[in-house]
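To start, the structure itself, in structure tokens.
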Amino acid sequence: MTENQVLKILFIDDMPEDLELAKRIISRCKIPFESYMAQNEDEFLKGLYEFKPDIIFSDHLLPEFDGMRALKISLTYNNTIPFIILTGAMNEEIAVDAMKAGATDYILKEHISRLPFVIKEAIRKKKILLENKQGRKSLELTSEILEHYPFSIISTDMEGIIINWNKGAEKIFGYTSREALGQHISLIYSDSDLENLNSDIIKPLLEKGDHQEQVRLKRKNGELFISSLSLRIIKDKNGQACGMAGYTLDITKTVKAEEELFIRNQAIESSVDGIVLLDLEGRITYTNKAALEIWGYGTKDDVIGKCAEDLFYTDYERTEILEILKDQGFKSERKARRKDGSMVSVWLSTTIIKDIAGKPIAYMGSFMDITERKKAEEELEESEERLRLAMKVSEHGFWAWDLQNDKFYFNLSLLGYNEKKFPMGLDTLSSLMHPQDRNNIMPEIIRSAKESKPFNYEIRMLSSSGEWKWVLAKGNTFDAKVGTRRTIGTLVDITDRKITEEQMFLARLAAEEANRCKNELLANMNHELRTPLNSVIGYSDVLIEQNMGELNDEQKKYLQIVNDAGHTLLELINRVLDLAIMESNGMELRFSAFDPVKSIEEVIKSTKMMTLKKNIMISVNIHQNVVEITADADKFKEILYNLIENAVKFTPSRGTITIDAEIKDEHIVVSVEDNGIGIAENDKEKIFNSFVQVDSSNTRRFGGAGLGLALVRECLKLQSGNIQLESDLGKGSKFTFRIPVYPKGRGTDIY
Ligand code: ADP
236 MTENQVLKIL
246 FIDDMPEDLE
256 LAKRIISRCK
266 IPFESYMAQN
276 EDEFLKGLYE
286 FKPDIIFSDH
296 LLPEFDGMRA
306 LKISLTYNNT
316 IPFIILTGAM
326 NEEIAVDAMK
336 AGATDYILKE
346 HISRLPFVIK
356 EAIRKKKILL
366 ENKQGRKSLE
376 LTSEILEHYP
386 FSIISTDMEG
396 IIINWNKGAE
406 KIFGYTSREA
416 LGQHISLIYS
426 DSDLENLNSD
436 IIKPLLEKGD
446 HQEQVRLKRK
456 NGELFISSLS
466 LRIIKDKNGQ
476 ACGMAGYTLD
486 ITKTVKAEEE
496 LFIRNQAIES
506 SVDGIVLLDL
516 EGRITYTNKA
526 ALEIWGYGTK
536 DDVIGKCAED
546 LFYTDYERTE
556 ILEILKDQGF
566 KSERKARRKD
576 GSMVSVWLST
586 TIIKDIAGKP
596 IAYMGSFMDI
606 TERKKAEEEL
616 EESEERLRLA
626 MKVSEHGFWA
636 WDLQNDKFYF
646 NLSLLGYNEK
656 KFPMGLDTLS
666 SLMHPQDRNN
676 IMPEIIRSAK
686 ESKPFNYEIR
696 MLSSSGEWKW
706 VLAKGNTFDA
716 KVGTRRTIGT
726 LVDITDRKIT
736 EEQMFLARLA
746 AEEANRCKNE
756 LLANMNHELR
766 TPLNSVIGYS
776 DVLIEQNMGE
786 LNDEQKKYLQ
796 IVNDAGHTLL
806 ELINRVLDLA
816 IMESNGMELR
826 FSAFDPVKSI
836 EEVIKSTKMM
846 TLKKNIMISV
856 NIHQNVVEIT
866 ADADKFKEIL
876 YNLIENAVKF
886 TPSRGTITID
896 AEIKDEHIVV
906 SVEDNGIGIA
916 ENDKEKIFNS
926 FVQVDSSNTR
936 RFGGAGLGLA
946 LVRECLKLQS
956 GNIQLESDLG
966 KGSKFTFRIP
976 VYPKGRGTDI
986 Y
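For the sequence shown, the positions run 236 to 986 when the numbering used here is used.
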């Protein structure tokens with residue numbers, strides 16, 4: 236409404252006289268106006284919509300309507316229309332209620348002369364209101380936009396008290412505007428950051444009028460996040476700072492992504508593999524340090540822009556290279572071209588890099604220098620080849636297992652296979668094994684290989700001719716220089732050895748069995764042999780003593796022969812039986828303490844007849860350390876007797892026998908030395924076996940059955956003793972036996 240415009244006044248009243256009066260008063264004041272009168276709600280609404288009043292005067296109470304209700308309708312319709320209560324009678328309370336409800340003013344009918352003043356005042360207020368409303372409208376619009384921005388907009392007064400808190404702030408910080416408004420801005424700072432709030436943010440803001448910074452802020456749930464903060468000082472009409480406004484944006488994700496990117500970049504940069512990025516044309520757009528080093532270039536700029544074929548030796552055309560890259564990526568050993576033109580062996584692989592939509596945007600190549608590895612591998616291959624040849628010559632099998640790459644090589648020519656006909660693999664090797672060995676031994680071999688332990692197994696393998704062969708599989712695992720661990724193994728055909736072993740085993744079993752049978756037989760024969768012999772000896776004794784009558788010389792002579800033969804036979808039987816009993820561990824020893832010197836003397840005495848007959852001299856040297864010992868005294872004498880008997884037997888007349896005895900290392904050591912016929916080197920071991928004689932003609936010459944020494948050795952064995960023989964053929968023999976001075980272990984009845 237402008238000055239010249241007609242003022243449209245709507246009256247709500249039921250008293251036309253009052254209306255007339257009002258009109259007159261208004262006219263007097265030269266205010267051009269039109270009026271409309273409503274007495275009820277319908278008329279009022281019609282007036283509002285059609286008449287479009289600039290100002291409304293309403294009575295407080297009407298018969299059909301009421302001023303407060305009209306006020307409500309009016310405000311809802313347009314809250315800028317001044318609404319003045321004009322009433323005849325109104326108490327203060329109602330007036331206050333009306334004002335509170337939004338009435339612009341009130342006037343009593345008795346003061347109706349004030350009407351023009353009230354109108355003017357109302358129009359002035361309306362003007363301000365309108366201006367404000369326009370301002371507010373644009374503000375509302377802005378607020379509306381700002382409310383829903385994905386970042387927070389917060390403003391505070393100069394004290395830092397929050398006076399504005401948008402939806403974004405609610406979302407980001409988790410406080411509703413109701414919770415945040417009126418609080419201090421420190422609400423969104425962590426305690427530890429608060430001390431820097433003034434120096435880092437407020438001070439520069441006040442100095443410059445605005446301020447931007449990345450800060451750490453705190454959500455309602457205590458979570459801290461990185462935010463970009465943009466602040467500005469708000470000024471009033473007079474240019475005075477009246478508050479601070481700012482927006483924040485949660486950039487935690489961005490910061491994290493940047494960090495991640497940084498780390499990835501670092502990782503790529505520090506990788507020992509060369510890594511390059513190529514555009515779709517195959518031109519290098521990025522290279523890491525390792526790639527530069529492999530190529531021998533100084534800076535990245537030297538390489539960026541170059542093509543794949545500038546940096547790798549290749550027979551492919553450019554278009555072919557691109558096809559390969561595009562197709563499936565690439566993985567193979569290549570030669571990189573160094574800046575100085577030299578070559579480096581590399582293991583190269585490429586991959587296609589795609590954008591989120593799956594469209595290829597670049598290629599990545601990664602490659603590592605394998606020169607050293609190649610060299611070592613070549614060396615290894617060379618030595619393997621040598622080994623292979625050596626194995627071929629030696630007719631041994633050979634196998635190598637590269638555990639890292641699970642590569643397997645073997646040569647099984649020892650089994651008659653041509654290596655080229657076989658798929659190389661652990662499976663092939665195990666398929667040729669005997670099922671039992673495959674199940675029991677193969678897992679052990681694999682385990683040993685994995686644990687780098689040496690192994691040694693005898694296995695059965697199928698030869699090309701279909702026979703099972705015994706094979707000695709030996710191997711160990713080594714860490715080769717190149718970093719590959721491999722198990723190297725040899726296979727040796729031991730079939731013959733196994734067969735011999737088996738035969739020997741069987742033969743031993745058979746021999747043992749036969750010996751056992753013999754001993755058993757002899758033991759059983761004990762009674763059967765002795766009984767008739769006792770009769771022969773006993774009755775011939777009786778006859779010789781002539782108790783049964785006189786005998787002539789011839790008869791006497793023959794009977795004596797029968798008697799001697801009987802005795803000889805008895806002795807033989809006794810020895811055979813003793814030996815049989817001892818060998819079957821049936822002989823029990825009778826330990827007792829005795830003086831060995833006395834025993835030696837007794838034995839010498841009992842051989843007197845023999846020595847005298849052959850005119851042999853016996854010399855005895857007994858060391859003074861020989862004292863009482865605990866052993867089987869009878870056996871001791873038997874051993875000594877046998878040795879002296881042999882010495883006499885195999886020493887020519889007028890020979891010498893020397894007997895030495897001493898105690899040494901808790902053993903009594905006795906030797907019987909003669910200067911007789913001696914024993915050949917070859918026979919030294921044999922003569923201790925039963926029924927062995929060096930010269931069987933001796934039996935006839937010297938008598939005996941080859942049992943004496945066997946008996947001696949068994950006797951000594953039983954007492955933990957032993958016997959040694961030194962002899963020179965033709966010069967003499969020296970038998971030395973040892974018996975512990977105290978029984979060791981085996982004896983039963985010691986005391
Ligand atoms: P034999 O009853 O035949 O003497 P032995 O077992 O006592 O049986 O001796 C076996 C063989 O050892 C003798 O036949 C003899 O060939 C040889 N032998 C034993 N003692 C001597 C020795 N002192 N000098 C030479 N040969 C001996």
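Every residue gets a Cβ at the ideal spot worked out from N, C-alpha and C, and that includes glycine.
Would you mind listing the beta strand (DSSP E) stretches within the stretch 779 to 837 that are 3+ residues and don't spill past its ends, in chain order?
826 to 829
Cβ distance (whole Å) where residue 634 is taken to contact residue 697 below 8 Å
Residue 634 to residue 697, Cβ: 16 Å. No contact.
Report the three-state DSSP secondary structure of residue 421 (helix, strand or coil).
helix
Measuring CB to CB, does residue 669 end up less than 8 Å from residue 649?
no
Please return the same chain residues whose Cβ sits closer than 7 Å to the Cβ of residue 935, not counting the five positions on each side in sequence.
For residue 935, the predicted structure reports a pLDDT of 47, less than 50, and the residue's modelled location is therefore unreliable. The matter cannot be settled from this model.
Under the three-state reduction of DSSP, which class applies to residue 966: helix, strand or coil?
coil
According to the Cβ coordinates, are residue 506 and residue 525 closer than 8 Å?
yes
Considering only DSSP beta bridges, list what residue 710 is partnered with.
690 and 724
Does the Cβ of residue 885 lie closer than 7 Å to at least one heavy atom of ligand 1?
yes
One or two residues paired with residue 891 in a DSSP bridge
852
Tell me whether the beta-carbon of residue 894 lies closer than 8 Å to the beta-carbon of residue 883.
no
Give me the residue from 881, 955, 793 and 286 with the minimum Cα distance to residue 922.
881
Relative to the C-alpha of residue 316, which residue among 261, 242 and 326 is closest?
242
May I have the straight-line CA-CA distance separating residue 620 from residue 724, to the nearest angstrom?
14 Å
Pull up the distance between the alpha-carbon of residue 925 and that of residue 812, whole angstroms please.
12 Å
What do you reckon, are the CB atoms on residue 604 and residue 581 nearer than 8 Å?
yes
Whole-angstrom distance between residue 978 and residue 692, CA atom to CA atom:
43 Å
Can we count residue 927 as close to ligand 1, meaning its CB is less than 7 Å from some heavy atom?
yes
For the structure I just gave you, are there three or more beta carbon pairs, one from the stretch 497 to 514 and one from the stretch 590 to 601, closer than 8 Å?
yes
What are the complete alpha helix (DSSP H) segments, minimum 4 residues, inside the stretch 267 to 330?
276 to 281 and 302 to 312
Uninterrupted alpha helix (DSSP H) stretches inside the stretch 385 to 469 (no shorter than 4 residues):
402 to 408, 412 to 415, 426 to 431 and 438 to 443
Classification of residue 777 by the beta-carbon crowding that lies within 10 angstroms, buried from 16 upward:
exposed
Please name the residue or residues paired with residue 578 in a DSSP beta bridge.
572
Ends of the alpha helix (DSSP H) at residue 908?
Looking at the DSSP string, residue 908 is not in any alpha helix (DSSP H); the run it does join, the beta strand (DSSP E), is 902 to 909.
Provide the residue(s) that pair with residue 248 in DSSP beta bridges, ordered along the chain.
Paired residues: none, contrary to the question.
With 16 other Cβ atoms within 10 Å as the buried cut-off, status of residue 852
exposed
State the Cα-Cα distance for the pair residue 651 and residue 677, rounded to the nearest angstrom.
21 Å
What does residue 886 pair with, by DSSP beta-bridge criteria?
Residue 886 is not bridged to any residue.
Whose C-beta lies closer than 7 Å to the C-beta of residue 866 among residues of the same chain, with five residues either side of it excluded?
826, 954, 974 and 978
Check the C-beta distance from residue 815 over to residue 754 and give it rounded, since I have them as a contact under 8 Å.
4 Å
Three-state class that DSSP yields for residue 934 in the structure shown
Only weak support exists for where residue 934 lies, its pLDDT of 49 falling under 50; the coordinates are left without a value.
Can you tell me the Cα-Cα spacing of residue 482 and residue 590, whole angstroms?
33 Å
Simplified DSSP state of residue 640, which is helix, strand or coil:
coil
Cross-strand partners of residue 973 (DSSP beta bridge)
904 and 957
Beta carbon of residue 877: closer than 7 Å to some heavy atom of ligand 1?
yes
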